[in-house]
Amino acid sequence: LEYFCISDHIGAKFDIDMLVSLLRQENARDICVIKVPPEMRYTDYFVICSGTSSRHLHAMAYYIVKMYKHLKCRSDPHVKIEGKNTDDWLCVDFGSMVIHLMLPETRETYELEKLWTLRSFDDQLAQIAALTPVEFNVNETE
Numbered sequence: 542l543e544y545f546c547i548s549d550h551i552g553a554k555f556d557i558d559m560l561v562s563l564l565r566q567e568n569a570r571d572i573c574v575i576k577v578p579p580e581m582r583y584t585d586y587f588v589i590c591s592g593t594s595s596r597h598l599h600a601m602a603y604y605i606v607k608m609y610k611h612l613k614c615r616s617d618p619h620v621k622i623e624g625k626n627t628d629d630w631l632c633v634d635f636g637s638m639v640i641h642l643m644l645p646e647t648r649e650t651y652e653l654e655k656l657w658t659l660r661s662f663d664d665q666l667a668q669i670a671a672l673t674p675v676e677f678n679v680n681e682t683e
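Just add 541 to the spot in the sequence shown (first one is 1) and you have the numbering used here.
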């Protein structure tokens, strides 16, 4: 028996565009999508967004998971949810995408955007050779 994924036939696929569209539909605030470098081997996209209340965070998470389960193929990974018992943060792992849903004050505390976006800039800075300015060279003679 050959198995065909239903979602392949209806043209709907649960990808980053679908995820962002669902978040917008659910009134998520300040959606941030970060493409994770392939060498990290963690996920393809890291998505961070805010909700207006704990109830809003949980409603968004469960709606998105419901849509994922509706559109996923058998070969797609099972979804993992962290923070079900928290009031200010939920993390949903879809395999190729990881989404953090947070209250605005929690988001400010953890600053995940900075953690994931400044890393590449810091790596670039580390690769620049350190140069000593001429006026600080003590062995130079005039």
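Glycine included, each C-beta is placed from N, C-alpha and C at the ideal position.
Just so we're clear, the structure is a prediction, and the values are computed from it rather than from any experiment.
Starting from the Cα of residue i, find the closest Cα among the options and give me that residue.
i: His-597; options: Glu-652, Leu-653 and Met-643; result: Met-643
i: Thr-627; options: Glu-646, His-611 and His-599; result: His-599
i: Ile-605; options: His-641, Glu-580 and Pro-579; result: His-641
i: Glu-652; options: Val-577, Cys-573 and Val-561; result: Cys-573
i: Thr-658; options: Val-577, Ser-562, Ile-622 and Thr-647; result: Val-577
i: Thr-647; options: Ser-594, Lys-613 and Phe-555; result: Ser-594
i: Met-559; options: Lys-607, Glu-580 and Ser-591; result: Lys-607
i: Met-601; options: Lys-613, Glu-580, Val-561 and Glu-654; result: Val-561
Let's see if you can read the secondary structure: which residues bound the beta strand (DSSP E) around residue i?
i: His-619; result: Counting along the chain, His-619 falls outside any beta strand (DSSP E), and DSSP gives it neither H nor E.
i: Ser-591; result: 586-591
i: Leu-560; result: Careful: Leu-560 lies outside any beta strand (DSSP E), inside the alpha helix (DSSP H) at 557-566.
i: Asp-634; result: 630-634
Quick check on residue i: does DSSP put it in helix, strand or coil?
i: Asp-549; result: Bear in mind that the predicted position of Asp-549 carries a pLDDT of just 49, short of 50, making it unreliable; the figure below should be weighed with that in mind. Residue state, collapsed to three classes: helix.
i: Lys-576; result: strand
i: Leu-542; result: For Leu-542, the predicted structure reports a pLDDT of 36, less than 50, and the residue's modelled location is therefore unreliable. A value from the coordinates is still provided. Coil at Leu-542, not helix or strand.
i: Glu-623; result: strand
i: Leu-644; result: coil
i: Arg-596; result: helix
i: Met-601; result: helix
* Touching by the beta-carbon criterion (3+ pairs, under 8 Å), the region 632-647 and the region 564-584 -> Yes: the two stretches touch, three or more of their Cβ pairs being nearer than 8 Å.
* Contact between the region 567-575 and the region 613-624 (3+ Cβ pairs under 8 Å) -> Taking 8 Å as the limit for Cβ pairs, the verdict is that the region 613-624 does not touch the region 567-575.
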